[in-house]
Amino acid sequence: MNTIKGHQGDVQFRSLKNLPEGATKIESKPIALREHSGHMHVLTGDVQHFELNGKLYAAVGGDGARLQHVHESNFTAKCWQTTEELPVADHKSHPLPEGVYEFFIQNSYNPYAKLMEKVID
Amino acid sequence: MLTELTKEQQQLMLTVRDRWINLALKDNKKGIDKVLFEEGITWLYQDLLKKPKPKIVYCDSWIGCLLTIAIFKKTPKIDMSSVWASVWASVGASVGDSVWASVGASVGDSVWDSVGDSVGEHSAYNGWSNFGWVSFYDFFEEIKVLDNFKFKQYKKLIKSNAFEAYEYDNYIFAIQPPISIVKNDASRLHNPKGMAVQFKDGSGYYFINGRSVPAWVFEKAETGDITKELFISEKNSDIKGAIYEVLGQVKMMELLGAEEIDKQSIVHMNGDIEVVTLLKTKDVFAEIDNQPFAWVKMICPSTGTQYLQGVEPHHTNALEAIASLSMFKAEEYRFDLRS
Numbered sequence: 421m422n423t424i425k426g427h428q429g430d431v432q433f434r435s436l437k438n439l440p441e442g443a444t445k446i447e448s449k450p451i452a453l454r455e456h457s458g459h460m461h462v463l464t465g466d467v468q469h470f471e472l473n474g475k476l477y478a479a480v481g482g483d484g485a486r487l488q489h490v491h492e493s494n495f496t497a498k499c500w501q502t503t504e505e506l507p508v509a510d511h512k513s514h515p516l517p518e519g520v521y522e523f524f525i526q527n528s529y530n531p532y533a534k535l536m537e538k539v540i541d
Numbered sequence: 019m020l021t022e023l024t025k026e027q028q029q030l031m032l033t034v035r036d037r038w039i040n041l042a043l044k045d046n047k048k049g050i051d052k053v054l055f056e057e058g059i060t061w062l063y064q065d066l067l068k069k070p071k072p073k074i075v076y077c078d079s080w081i082g083c084l085l086t087i088a089i090f091k092k093t094p095k096i097d098m099s100s101v102w103a104s105v106w107a108s109v110g111a112s113v114g115d116s117v118w119a120s121v122g123a124s125v126g127d128s129v130w131d132s133v134g135d136s137v138g139e140h141s142a143y144n145g146w147s148n149f150g151w152v153s154f155y156d157f158f159e160e161i162k163v164l165d166n167f168k169f170k171q172y173k174k175l176i177k178s179n180a181f182e183a184y185e186y187d188n189y190i191f192a193i194q195p196p197i198s199i200v201k202n203d204a205s206r207l208h209n210p211k212g213m214a215v216q217f218k219d220g221s222g223y224y225f226i227n228g229r230s231v232p233a234w235v236f237e238k239a240e241t242g243d244i245t246k247e248l249f250i251s252e253k254n255s256d257i258k259g260a261i262y263e264v265l266g267q268v269k270m271m272e273l274l275g276a277e278e279i280d281k282q283s284i285v286h287m288n289g290d291i292e293v294v295t296l297l298k299t300k301d302v303f304a305e306i307d308n309q310p311f312a313w314v315k316m317i318c319p320s321t322g323t324q325y326l327q328g329v330e331p332h333h334t335n336a337l338e339a340i341a342s343l344s345m346f347k348a349e350e351y352r353f354d355l356r357s
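As they're listed, the protein sequences go chains A and B.
Under our numbering, the residues of the first sequence are numbered 421 to 541, in order.
Under our numbering, the residues of the second sequence are numbered 19 to 357, in order.
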């Protein structure tokens, strides 16, 4: 399978051949949650979430998953299992086929902090 | 002697930590559990200190509480002697002794690491600043290492979720928790759009990336009174950094002026064409190592909104600049899926 590369708002992702060694399974959680706007990027469906060194990974099963951008008020615990599109906040959803994915939140250079900080949208 | 935690105990440690974090950050809008608080105060004064139960004054904010106390102190015939030192001497010392007698230092350290960073340091008052040490010993109570009646009673009082309390012989002033707390991904207090901590009465505090920021930065940003001259003449780099965050990239670029350095078109794998532009200020600024400010401009394919993101000033190529903000190299910066 060719590498899939995607960009939804400030979240970027790509498919990987395998989960990196040492990745730890974690409870489902938003890939990014913006407290200002209440918007969040969530991967729902047949998916297990993993974390390694602060990076998020996901293993999508045969039933597929969907990367969604939703308002937290439209999201309940039941939504984690669905591959149906939830009410879109700003960015349309992307169905993701079975595979392993790595996620990244786009940075912004802050000359004062002199470090790369995650974008606050 | 407990020398190692089981996997179940390690998981429970995180559960206990999150329970206390959520009490502050999710249950804050419920306010103080007055039944729990008043039960705790009755125990504290009557049983522990052998004093009459004090009158309880609930305050909507920290500043409101301090003002109320100041008024009380100016009122003749009100005894405002503090009782805190005797409470700590009675509860804190005995709890610590019983846990450390049963637990190896390495276990204690690992538990403390899991709660201390997230909850904060304790102070000498009843309130959120005690969540750190109380959650630490709460874990040892959960795994049956600690069984201390005074701690159980004291924990109830802390769990009532008073943000802070000032305790005197005859009065207790309890501050309701803030109704709004905004943090960044690093869990630092951070809100470029307003107060990061706000109380019910509207008072609150401004923070950017965990740094306290004076209100004038937000007030002047709101009224459009931050000028290039004001920005340049500001000596405090924390405040300049806050202005940079509060105004946002677009206003900062408008404020300082910028020229186009490079523009490139990216043809994405799905056929989308994205134009990215690299911009820099003509001026250089001493506090950022005599460098210009630099941005890369892009357009969101979903909303059509134009975005500016800060980039390192050494860039001369717009594609390399935008790729530097991502997990991809410039030659890989082509997407199959975009929204």
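Each residue gets a CB set at the ideal place from its N, CA and C atoms; glycine is no exception.
Against chain B, does N530 of chain A count as a neighbour if the rule is that its beta carbon must be under 9 Å from one of theirs? yes
Could you name the residues of the same chain whose beta carbon sits closer than 6 Å to that of F524 of chain A, not counting the 5 residues immediately before and after it, in chain order? Q432
Identify the contact partners of K425 of chain A in chain B, using a Cβ-Cβ distance below 8 Å as the criterion. M287, F346, E350, R352, F353, D354, L355
Work out the CA separation of N227 of chain B and N530 of chain A for me, nearest whole Å. 11 Å
Proximity to E441 of chain A [Cα-Cα], best of A:H511, A:V508, A:K475, A:N422: A:K475
Could you have a look at A505 of chain A and say whether DSSP puts it in helix, strand or coil? The amino acid at residue 505 of chain A is misidentified as Ala; the sequence shows Glu. Here E505 of chain A sits in coil by DSSP.
Could you give the distance in angstroms between the alpha-carbon of M460 of chain A and the alpha-carbon of V294 of chain B? 25 Å
CB contact flag (K168 of chain B, L265 of chain B, <9 Å): Going by C-beta atoms, K168 of chain B is not nearer than 9 Å to L265 of chain B.
Kindly give me the distance between the Cβ atoms of I59 of chain B and P70 of chain B, rounded to whole angstroms, as I take these residues to be in contact under 8 Å. I59 of chain B to P70 of chain B, Cβ: 11 Å. No contact.
List, in chain order, every chain B residue whose beta-carbon is nearer than 8 Å to that of A479 of chain A. Neighbours of A479 of chain A in chain B, taken as residues at a C-beta separation under 8 Å, are lacking, since the least C-beta distance is about 18 Å.
Is G458 of chain A close to chain B? Criterion is C-beta to C-beta, closer than 9 Å. no
Please report the Cβ distance between P515 of chain A and T502 of chain A, rounded to the nearest whole angstrom; I am assuming they are in contact, meaning their Cβ atoms lie under 8 Å. Not really, about 12 Å apart at Cβ, beyond 8 Å.
Which value, in whole angstroms, describes the spacing of the CA atoms of S513 of chain A and T464 of chain A? Distance between the alpha carbons of S513 of chain A and T464 of chain A: 10 Å.
Delimiting residues of the beta strand (DSSP E) encompassing F154 of chain B: Here F154 of chain B belongs to no beta strand (DSSP E); instead the alpha helix (DSSP H) covers 149-160.
Compare the C-beta of N527 of chain A against all C-beta atoms of chain B and say whether one is closer than 9 Å. yes
Which residues of the region 504-523 of chain A have a Cβ closer than 8 Å to any Cβ of chain B? Give them in chain order. D510, H511, K512, S513, H514, E522
Under a CB-based cut-off of 9 Å, is G429 of chain A close to chain B? yes
Does the region 274-283 of chain B come close enough to the region 251-266 of chain B to have 3 or more Cβ pairs within less than 8 Å? no
Using only alpha-carbon positions, find the residue among A:I424, A:N438, A:G426, A:S457 that is nearest to V544 of chain A. The question about residue 544 of chain A has no answer here: the residues shown for chain A are numbered 421 through 541.
For W80 of chain B, which residues from the same chain have a beta carbon less than 8 Å from its beta carbon, with the 5 sequence-adjacent residues on both sides left out? Hits under 8 Å: F181, E182, I193, F217, S221.
Report yes or no: is there a C-beta of chain A within less than 9 Å of the C-beta of E274 of chain B? Here residue 274 of chain B turns out to be Leu, not Glu, going by the sequence shown. So no, L274 of chain B is outside the interface.
Beta-carbon within less than 8 Å of E349 of chain B's beta-carbon, same chain only, minus the 5 sequence neighbours each way: which residues are those? none
Under 9 Å between C-beta atoms of R35 of chain B and F157 of chain B: It is a contact, given that the beta carbons lie within the stated cut-off.
F217 of chain B in three-state terms, based on DSSP: Of the three classes helix, strand and coil, the one that applies to F217 of chain B here is coil, per DSSP.
In chain B, what lies closer than 9 Å to A533 of chain A by C-beta? N227, G259
Ignore the nearest five residues each way along the sequence and tell me which others in E338 of chain B's own chain have a CB closer than 6 Å to its CB. A348
Given that T321 of chain B touches chain A, what residues does it touch there, using C-beta distances under 7 Å? D510
Closest Cα partner of F209 of chain B within the set B:S357, B:G242, B:F225: Note on identity: in this sequence residue 209 of chain B is Asn, with Phe being the wrong assignment. N209 of chain B has its Cα closest to that of B:F225, out of B:S357, B:G242, B:F225.
Under the assumption that V480 of chain A contacts E518 of chain A (Cβ atoms under 8 Å), give the Cβ distance between them as a whole number of angstroms. With 8 Å as the limit, V480 of chain A and E518 of chain A qualify as a contact, their Cβ atoms being about 5 Å apart.
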